[in-house]
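Asks: Protein chains in written order, with numbering that gives the first Met the number 0: chain E, 0 to 222; chain B, 0 to 222. Note that the Cβ used here is the ideal one computed from N, Cα and C, for glycine as well. This is the structure I have questions about; it appears just below.
2 protein chains.
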Amino acid sequence: MEPDTRSRILDAAENLLVQHGLDGTTLRMITATAHANLAAVNYHFGSKEALIEAVFRRRLTWLNEQRIAALDALETAARGAPLKPRQIVESYFGVTIRMAAASAEGRTFLRLLGRTYTEPSEFVRSFLAEEYAEVIARYKAAFFKALPDVPQEEFIWRFHFMMGALSYAVSGADALRLLGPIDDTDPEALYARLMSFLIGGLRAPLPEIHAKAVKKPRARRAA
Amino acid sequence: MEPDTRSRILDAAENLLVQHGLDGTTLRMITATAHANLAAVNYHFGSKEALIEAVFRRRLTWLNEQRIAALDALETAARGAPLKPRQIVESYFGVTIRMAAASAEGRTFLRLLGRTYTEPSEFVRSFLAEEYAEVIARYKAAFFKALPDVPQEEFIWRFHFMMGALSYAVSGADALRLLGPIDDTDPEALYARLMSFLIGGLRAPLPEIHAKAVKKPRARRAA
DNA sequence: GCAGACTTCAAACAACTGTTTGAAACTGCC
DNA sequence: GGCAGTTTCAAACAGTTGTTTGAAGTCTGC
C-alpha cells in the first residue's frame, strides 16, 4: 500500500472509474478501496469532480507532453520538410500504445480515457479540451503540411476513426469477449496489429465525395 | 406526442440515455420528458434495468436481423463460393450506417449502442451478448471462409478495430469538437468516408507478428 | 350502465448520494 | 514538553435514487 492517502485515493479511483464509470463509482467505494476515510476525498481534492479531474490530469498531461516531444523530434530531424503521414500517425499512436505496453496502470488509464472520450460530462469535456488543445493543434498542422492535397475535413474524420480504433484496442478486454476468446495480454502484438490497421485506413483511397475535387485518379491515394 | 405511454417512455429514455449515460439518467428525468407518471416505468417495464434492456432490444434485434439478411443475400448469390472480404465488411457496416442515415432515431440509438459497447454494466453485457451471438457467429464464419490464410485472431482484432471506428463515427458529434469544427450532418458522406477507411484497414498488410507464418511477401496482404 | 381489467396518479419508502462538521490524532519544530 | 499545522475520523446533513403502495381514473365488452 502506498504511503500517502492522496495517491491511494487516486489509484483506487482510477481503477474503479474504469470499472463502473463516472456516475457508477461512489466516494464510498473509492475511500473503502483506498483504506481512507470518506471525508478524505473532499479534504484532499475538494469534490468528486475535482478528484476525477485529478485522476485524468495526473497521466494525461504527461501523455500529451510525450506526444508533442515525439513530434518535435520528427520535425527537428526533417529540418522544415513535411513529414510522412505514416511518421505522424506512428508518433501519436505509438506514444499511446507504448504507454499501454509499459504498465498495467497505463493500460487502465487509457481504457478510462478512451471510454470517457465518447461520453464526457460537461465538466470532463472542458478540461479534456484544455489538455488536448496544444497536441491537436500541432498534429493537425503537421498533417496539413504533409498532405496539402487532402481535404482537411477528410483528415479530421480519419483521425477520428483512428482514435475510435485505438479506444477499442485498449479497452479491448471487455468488449472483445463478444467476438470470441482472444489473447489481449501482449502489448507488442497489439501495437503491431493496430498500427498496420491504422496506416491501412489512413492510406485508403479518398471516398468518392472528393472525386470531383481531385484531378488524377492516382492522386486519390491519401498517403 | 405519441399515443401510448410505453412508447413515449422508450423514446424519452433513448434520448436521455445517450445524453447522460446509464447511471446519469434518472427515472424522473425519463418520465418527465415522456409526460408520464414516475410509477409508469415500473408498471410497464418492471424496473429501470428492464427498461434499458427494452430500449436496446427494440432496435438492436431488428438491426441484427438486417445484418443477417444482408449476409444471407450475399451467400445465396455466391452459391457456396467464398465471399470477398470487402463484401462482408460492406454488408455489416453498410447496414449499420444505413440505419444511421435513415433517421435521427437510428442515429441516436447507434450512438447509444457504440458507447455502451465499451462500458457495459454486467446486465447490459449479458443481453448484448445474447443479441449479438448469431450475427457474430455468422460473420466470423463468412470471414474465415473468405480468408482462410489470415489467422483468425488477426481478423477478430481487425473487426474489433472497425467497430471502434464505427462507434466514433456515429457518436461523432460530441467528440469531434475536440478536433475542430466539421460537418457531421451528411450521412451519405459519412458512409463513404468510413467505408473507405475500414476497407483500407482491413486490406492492410498483416503485422510482422505473422511474418513467419506466411510464405510469400505478396501473401501478407490480408484481403 | 355496469362489472372487470387495464392504466394512471400522488405520496411515501428505505437506501444511497456527495458534502460538511467539529473533535481527535498525528506531525515536525523550537 | 508543548504548540502550530496538517491529516484523519465518526457522525450527521440535505438531497436524490429506484421502487412500492393503494386509491382514482379510464377503457372494453356485454
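Just the Cα atoms here: how many angstroms apart are E:M162 and E:P84?
Replies: When rounded, the distance between both Cα atoms is 16 angstroms.
Asks: Quick check on DSSP: helix, strand or coil for E:E84?
Replies: According to the sequence as given, residue 84 of chain E is Pro; it is not Glu. Of the three classes helix, strand and coil, the one that applies to E:P84 here is helix, per DSSP.
Asks: Quick one: what's got a C-beta closer than 8 angstroms to B:L238's C-beta in the same chain, skipping five residues either side?
Replies: Because chain B spans 0 through 222 in this model, residue 238 of chain B falls outside it and cannot be assessed.
Asks: Would you say E:G105 reaches chain B, if we count a Cβ-Cβ gap shorter than 8 angstroms as a contact?
Replies: By this cut-off, E:G105 is not an interface position.
Asks: Find the nearest neighbour of B:A132 within the set E:G20, E:L205, E:G179, judged by alpha-carbon distance.
Replies: Among E:G20, E:L205, E:G179, the Cα nearest to that of B:A132 belongs to E:G179.
Asks: Here's the rule I'm using: 16 or more other beta-carbon atoms within 10 Å means buried, otherwise exposed. How should B:G45 be labelled?
Replies: With fewer than 16 other Cβ atoms within 10 Å, it is exposed.
Asks: Is E:F108 near E:E52, with beta carbons less than 8 angstroms apart?
Replies: No, these two residues do not count as a Cβ contact at 8 angstroms.
Asks: Which two residues bound the contiguous alpha helix (DSSP H) that contains B:V149?
Replies: Where B:V149 is concerned, there is no enclosing alpha helix (DSSP H), given that its DSSP letter is neither H nor E.
Asks: Measure how close the beta-carbons of E:N41 and E:E130 come, nearest whole angstrom, since I'm counting them as under 8 angstroms.
Replies: Incorrect: roughly 24 angstroms between the Cβ atoms, too far for contact.
Asks: Please work out which residues of its chain come closer than 6 angstroms, Cβ to Cβ, to E:P81, disregarding the five sequence neighbours upstream and downstream, and give them in chain order.
Replies: Within the same chain, E:P81 has close Cβ partners K144, A145.
Asks: Considering only C-alpha positions, which residue in the set B:L205, B:P204, B:G199 is nearest to E:A203?
Replies: If we check each option's Cα against that of E:A203, B:G199 comes out closest.
Asks: Would you say E:G200 lies against chain B (beta-carbon separation less than 8 angstroms)?
Replies: Yes, its Cβ sits closer than 8 angstroms to a Cβ of chain B.
Asks: Run down chain B in chain order and give the residues with a C-beta less than 8 angstroms from the C-beta of E:E153.
Replies: Chain B residues near E:E153: R192.
Asks: Whole angstroms is fine: what's the gap from E:P186's alpha carbon to B:I155's?
Replies: Looking at the two C-alpha atoms, the distance is approximately 16 angstroms.
Asks: Measure the Cβ-Cβ separation of E:A69 and E:S90 and say whether it is below 8 angstroms.
Replies: Yes, they are a contact pair.
Asks: What does the alpha-carbon distance come out to for the pair E:V88 and B:A35?
Replies: So the alpha carbons of these two residues sit roughly 50 angstroms apart.
Asks: Excluding five sequence neighbours on each side, which residues of the same chain lie with their C-beta closer than 6 angstroms to the C-beta of E:V17?
Replies: Taken in chain order, the residues that qualify are T107, R110, L111.
Asks: Among B:L15, B:Q86, B:L9, B:D10, whose alpha-carbon lies nearest the alpha-carbon of E:S120?
Replies: Residue B:L15 is the option with its Cα nearest to E:S120.
Asks: Excluding five sequence neighbours on each side, which residues of the same chain lie with their C-beta closer than 7 angstroms to the C-beta of B:V134?
Replies: Same-chain partners within the cutoff: N63, R66, I67.
Asks: Leaving aside the five residues before and after E:A164 along the sequence, list all residues of the same chain whose C-beta is less than 7 angstroms from its C-beta, in chain order.
Replies: The answer, listed in chain order, is L193, F196, L197.
Asks: Secondary structure at E:R78, three-state DSSP: helix, strand or coil?
Replies: Three-state DSSP puts E:R78 in coil, outside helix and strand.
Asks: From E:K211 to E:L205, what distance separates their C-alpha atoms?
Replies: For E:K211, the predicted structure reports a pLDDT of 45, less than 50, and the residue's modelled location is therefore unreliable. A value from the coordinates is still provided. Roughly 11 angstroms separates the two Cα atoms.
Asks: Within 10 angstroms of the Cβ of B:A188, are there 16 or more other Cβ atoms? Answer buried if so, exposed if not.
Replies: Per the 10 Å Cβ criterion, buried.
Asks: Which residues mark the beginning and the end of the alpha helix (DSSP H) in which B:L21 is found?
Replies: Segment 4–23, the alpha helix (DSSP H) holding B:L21.
Asks: Give, in chain order, every residue of the segment 89–103 of chain E whose Cβ lies closer than 9 angstroms to some Cβ of chain B.
Replies: Answer in chain order: no residues at all.
Asks: Tell me whether B:H34 sits in a helix, a strand or coil according to DSSP, three-state version.
Replies: Here B:H34 sits in coil by DSSP.
Asks: Using beta-carbon positions only, say whether B:V169 and B:G113 come within less than 8 angstroms of one another.
Replies: For B:V169 and B:G113, yes; Cβs fall inside 8 angstroms.
Asks: So is E:D148 in contact with chain B if we call contact Cβ pairs under 8 angstroms?
Replies: Cβ-Cβ to chain B under 8 angstroms: no for E:D148.
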